[in-house]
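Comments concern the structure below.
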Amino acid sequence: MTVKAESLELFIEKAKIAAAVVSEISSFDEAIKYTMDLCGKKEACKLLVSGCEEGLSNKAEALCATKTGKTISAPALSKKEITALDKQCEENGFALIKDSVRNHLGGIDIAFTYADHGIAETGSLALSCPSEELRLATMVSEVHVAVLPKSTIVDNSYDLESWMEANMMEANYTAFITGPSRTADIERVLAIGVHGPLELHILLLGDK
Amino acid sequence: MQDAKNLKEYRKEVRESLDNDFLRTAMDNFAVAYRGSRANAFKGMDEKSLIADIAGAKDCAAANIDELYAKFKEEAEKRGAVVHLAKDAQEANEIIGRIAQQENCKTIVKSKSMTAEETLLNHHLEDLNLEVVETDLGEWIIQMRHEGPSHMVMPAIHLSRHQVSDLFSEVTGKKQDDDIQKLVKVARRELRQKFVGADMGISGGNFAIAETGSIGIVTNEGNARLVTTLPRVHVALMGLDKLTPKLHDALRVLKALPRNATGQAITSYVTWVTGSNECAVAEDDRKKVHFVFLDNGRRALAKDPVFSQVLRCVRCGACANVCPVYRMVGGHKMGHIYIGAIGLILTYFFHGTDKAKNLVQNCINCGACKEICAGGIDLPGLIKDIQARILEEEGHPLYSTFLAKMMKNRKLFHKFLRIAKHAQKPVKAKDGFMRHLPMIFAPDHDFRALPTVAEVPFRDMWAKVKPAKVADPKFKVALFSGCVQDFVYPEQSVATVESMKGKGVELDFPMDQSCCGLPLQMMGEKEACKEVAIQNMEAFEKTDCDYILTMCASCASHLKHNYVKFLGHDPKYAIRVQEFADKVIDYSSFMNDVLGVTEDDFLDSAGEKVTYHAPCHLCRGLDVKSAPRELMVKAGLDYKESAEEEVCCGFGGTYSVKFPKISEQLLSKKLENAAETGAKTLLTDCPGCVMQIRGGAKKLGKDLDVRHIAEFIADRRK
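Spelled out as structure tokens, the structure:
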């Protein structure tokens, strides 16, 4: 299946409106390179807009202290892919989280995942994640990098109905993700990254 | 939360809000920004048909609520969840408390659930010595301040960054900056820590899909995802009204919900949870999942022929976003727990007459909420119906009974108006206004000058102004003048007659017509309303006319829509009242669309600069938007659009007598916006709006001539 040019264009436009960063790539290796660069540029455990210098309660501060160094989580990759990623992480001095993501709630710099679908109408990603690890990684990281094969982009949510209904035949957790986590709860001012990722990077993987 | 014991106390509370400058500015900015972003979000979409589809599907779900529940329960339990049904708030709280105890839970993280607010769940859980932490930023803030939400979507909209910074300083024990971006990051890290050890997560649910026993949760912050993932127990509390047959129904609502709530095409996260998912810290690695459905009157509501449409509400909060009253008084004064227009209604059904009886009067009936409701609910109509129900339950106040009695009797009512003409002599000034207000009005009402009753009512002039018989009339029109144009501003009716001269219109004025009955409806006097409707219908049945033309937008909208509502179900009147309603037309639509006047009908000279006020009952009540504007341009007037032209002027008939302070604020905004256009004349299509805006301009000494559009159209005719 190939995506219509106008659907791809619409997807990119809408994802950007929702403050996602969209790039096109042509291979998995490119995706790893992108992630390594991003992690390298990012300050470890730095909450982007304002950092660790804000005063916290002792308990919250203690949670933060559990995190040392830069971390990447990539729970749903194939064995081959994870080996490649691990090698890159080692070379760059980043820790690849291999045990439970739950033990890293103090902060993960980057979650690296695949998305199952893109929805052009709203610029959303759709991810089926019955696996707790995958689910958590996309929630607790500061940056979420998602690889989206262009061929999986649909026009609107109705086009995903049968896919979702099939998921829902048994226990499942499917998410639509559109841009980074946001709130406007204080004075209606938009603030990014209140609970979930502060950045969402979508890597559009083209057909070879 | 609403706890005023009587209207006087409630007015005092409202007054406190009006004096809160921060709240007022925040709400004003929001109201203006919201309108733009909502319009943008719906651009290119067939909004009306989407709303109609949602309404139809929700009605269908409400009619099958028991079957949907049974199906949901069966399917969800197949997939490892446990499903409960609670008949009321207490039972829901007890079920959830019991789950917590049985599962040995100590700490609970909660994502936003209006249903949990409805049941006051936190109090119950805290009484069981459980620690409950709200994790939605706004909810967390108000939880720590021990307040209720002031908006469905933005629960802490009433607070400033400084208040939040003070609160966070207190909570963290460290001095906090008042930079919002920084405060949000502090909240992120403080709350993350709360997730670490939580045993139970409580969420709401925006959709409950019967076919697969799945729920859908709509959120921007992502806390609902953590709440439903990290703890080993998940409880979702939802109203039965969230049940829907298929995923498609949920996806359809999802197209309207965020667009209507905040002007977003979609929220950052939409989470679909089916059954018992993997959870590393749970027994056998499977999460314990409980779905608790709350009835609390919803099943009874589903069977109510008038009110079942309340269950169409998707909790987007848009009715509050556009409400001119909410905009001024804020959430806590515009609802008990649920706020805005839907809040006035739900308060009655979920929290009882006592909580609702004062609140429900605070609707100016401008129809702004009805126009944007994602479920197409007739919110202002239902609010009036509830007012009528409360009157039946609690007894009618004396003034209300008196007015109802008098208005039911046309002759008595008109006699009263004629007596008023003499009685007003001592306070009557030469300029057509009262010099000072009679004693019965409190000083609060002194924000506008009131007109005096005219020397000669229009009905007494009719024989003289009546146009000569037209030989072969193109249109036969019967005039409905309404009380104000009959007894206060007869010149507007005269101008109407003048403006259609020479266009082949045969005019009639049935003498037995009386007040349209809208003031009675505004007071909740439903029975009197019906009687007046029958009288007017019969008065016009005696004339052979194609159109019933009224120059008052409020009368027109009331005659056209509400008469059918009152009488349509009675076989004795059903056909007759529909025929009557079909003939009703407003002045501008008749002139512009039916009579089709053109530039050639008007003087060649350039007309003056005018601005316009769109009466609520015209632009929304009758959906007439372009006719008056086209008419002004055709007549050669230099029409300048004013800001917020379609926002209520604050008249609202009896409303402005009940809530003068709110009326005054709406009026002053209207006058400011009009002044900004630079026009010295404001035209409108409703004598009530003329009374309000002209009276306000006079009181404030503003140089603004306020006229009915017919007066200028008549003047500009060749």
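Chains as they are written, first to last, in numbering that gives the first Met the number 0: chain Y, 0 to 207; chain U, 0 to 717.
Idealized CB from N, CA, C, for every residue including glycine.
Alpha-carbon spacing of residue i relative to residue j, whole angstroms
i                 : j                 : result
ALA467 of chain U : LYS410 of chain U : 28 Å
ARG716 of chain U : ALA532 of chain U : 35 Å
GLU49 of chain U  : ASP569 of chain U : Residue identity check: residue 49 of chain U is Leu in the sequence provided, not Glu. For LEU49 of chain U and ASP569 of chain U, the distance between alpha carbons rounds to 32 Å.
ALA494 of chain U : GLN534 of chain U : 26 Å
GLU138 of chain U : THR683 of chain U : 43 Å
TYR74 of chain U  : LEU293 of chain U : Checking the sequence shown, residue 74 of chain U turns out to be Glu, not Tyr. Computed Cα separation, rounded: 18 Å.
GLU130 of chain U : VAL195 of chain U : 14 Å
LYS162 of chain Y : THR173 of chain Y : Correcting the residue type first, residue 162 of chain Y is Trp in the shown sequence and not Lys. Roughly 11 Å separates the two Cα atoms.
ARG231 of chain U : ASP20 of chain U  : 45 Å
LEU67 of chain U  : ARG311 of chain U : 15 Å
ALA573 of chain U : THR24 of chain U  : 48 Å
PHE589 of chain U : ASP543 of chain U : 17 Å
LEU699 of chain U : LYS245 of chain U : 58 Å
GLY334 of chain U : LEU358 of chain U : 7 Å
ASP158 of chain Y : GLU120 of chain Y : 11 Å
LEU703 of chain U : PRO686 of chain U : 16 Å
HIS289 of chain U : GLU164 of chain Y : 21 Å
ALA387 of chain U : ILE376 of chain U : 18 Å
ASP507 of chain U : ALA538 of chain U : 12 Å
ASP178 of chain U : ARG160 of chain U : 7 Å
GLY205 of chain Y : LYS149 of chain Y : 6 Å
ASP18 of chain U  : LYS669 of chain U : 19 Å
Residue from the options with nearest C-alpha to residue i
i                 : options                                : result
LEU115 of chain Y : Y:CYS128, Y:ILE109, Y:GLY106           : The displayed chain sequence assigns Asp, not Leu, to residue 115 of chain Y. Closest by alpha carbon: Y:CYS128.
LEU166 of chain U : U:ALA696, U:LEU182, U:ASP45, U:ASN219  : U:LEU182
LYS657 of chain U : U:MET522, U:LEU630, U:SER553, U:ASP592 : U:MET522
ASN103 of chain U : U:SER275, U:ARG188, U:LEU136, U:ALA197 : U:ALA197
VAL764 of chain U : U:GLU524, U:PRO627, U:THR549           : There is no way to answer for residue 764 of chain U, as the model of chain U reaches only from 0 to 717.
GLU719 of chain U : U:LEU636, U:TYR562, U:ASN295           : Residue 719 of chain U is absent from the structure shown; chain U starts at 0 and stops at 717.
MET327 of chain U : U:SER149, U:CYS615, U:ASN128           : U:SER149
THR36 of chain Y  : Y:VAL153, Y:ARG101, Y:PHE175, Y:ASN91  : Residue identity check: residue 36 of chain Y is Asp in the sequence provided, not Thr. Nearest option by C-alpha distance: Y:ASN91.
VAL487 of chain U : U:GLN423, U:ALA477, U:LEU548           : U:GLN423
LEU300 of chain U : U:LYS7, U:ALA61, U:CYS648, U:THR549    : U:ALA61
ALA319 of chain U : U:GLY296, U:ARG10, U:ILE344            : U:ILE344
ARG619 of chain U : U:ALA552, U:ALA99, U:ILE98, U:ILE64    : U:ALA552
ASN171 of chain Y : U:GLY96, U:ALA91, U:TRP271             : U:TRP271
ALA14 of chain Y  : Y:THR112, Y:ALA183, Y:PHE175, Y:GLY195 : Y:PHE175
GLY394 of chain U : U:ILE376, U:PHE412, U:ASN408, U:LYS356 : U:LYS356
GLU60 of chain Y  : Y:TYR113, Y:SER156, Y:PHE93, Y:GLY106  : Y:GLY106
LEU602 of chain U : U:TYR586, U:PRO614, U:HIS612, U:VAL632 : U:VAL632
SER492 of chain U : U:LEU558, U:THR549, U:THR451, U:LYS529 : U:THR549
THR65 of chain Y  : Y:THR82, Y:TYR33, Y:ASN102             : Y:ASN102
GLY35 of chain U  : U:CYS688, U:CYS647, U:ALA642           : U:ALA642
LYS223 of chain U : Y:ARG134, Y:ASN155, Y:LEU189, Y:VAL144 : Here residue 223 of chain U turns out to be Ala, not Lys, going by the sequence shown. Comparing Cα positions, the closest option is Y:ARG134.
LYS72 of chain U  : U:CYS59, U:ARG10, U:VAL291, U:SER604   : U:VAL291
ILE584 of chain U : U:LYS383, U:HIS612, U:CYS554           : U:CYS554
Presumed contact (8 Å Cβ cut-off) between residue i and residue j, rounded CB distance
i                 : j                 : result
ILE341 of chain U : GLY330 of chain U : Actually they are not in contact, since the Cβ atoms of ILE341 of chain U and GLY330 of chain U sit about 12 Å apart, beyond 8 Å.
ASN361 of chain U : PRO379 of chain U : That belief does not hold up - the Cβ atoms of ASN361 of chain U and PRO379 of chain U are roughly 12 Å apart, past 8 Å.
GLU718 of chain U : ALA713 of chain U : For chain U, the structure presents residues 0 to 717; residue 718 of chain U sits outside this window and is missing.
LEU681 of chain U : VAL705 of chain U : 5 Å
GLU80 of chain Y  : PHE27 of chain Y  : 6 Å
SER202 of chain U : SER112 of chain U : 6 Å
ARG187 of chain Y : ILE156 of chain U : 7 Å
PHE446 of chain U : GLU663 of chain U : 4 Å
LEU62 of chain Y  : ARG191 of chain U : 6 Å
MET177 of chain Y : ILE109 of chain Y : In the sequence as presented, Met is not what sits at residue 177 of chain Y; that position holds Thr. Going by Cβ atoms, the distance from THR177 of chain Y to ILE109 of chain Y rounds to 19 Å, so no, they are not a contact pair.
Residues bridged to residue i [DSSP beta-bridge criterion]
i                 : result
LEU202 of chain Y : Y:SER22, Y:VAL146
ASN171 of chain Y : U:THR273
LYS608 of chain U : U:ASP637
LEU84 of chain U  : U:PHE292
THR218 of chain U : U:TYR268
HIS395 of chain U : In DSSP, HIS395 of chain U forms no bridge with anything.
For the stretch 52-61 of chain U against the stretch 273-283 of chain U, do three or more pairs of beta-carbon atoms, one drawn from each stretch, fall closer than 8 Å, so that the two count as touching? no
Just checking, does the stretch 234-243 of chain U make contact with the stretch 201-214 of chain U on the three C-beta pairs under 8 Å criterion? yes
Spell out a yes or no on whether the stretch 18-37 of chain Y and the stretch 1-13 of chain U are touching, meaning 3 or more CB-CB pairs, one atom from each, closer than 8 Å. no
Segment contact flag, the stretch 256-263 of chain U with the stretch 313-324 of chain U, C-beta cutoff 8 Å, min 3 pairs: yes
Sufficient close CB pairs (3 or more, under 8 Å) joining the stretch 574-589 of chain U to the stretch 644-663 of chain U: Verdict: no, contact absent.
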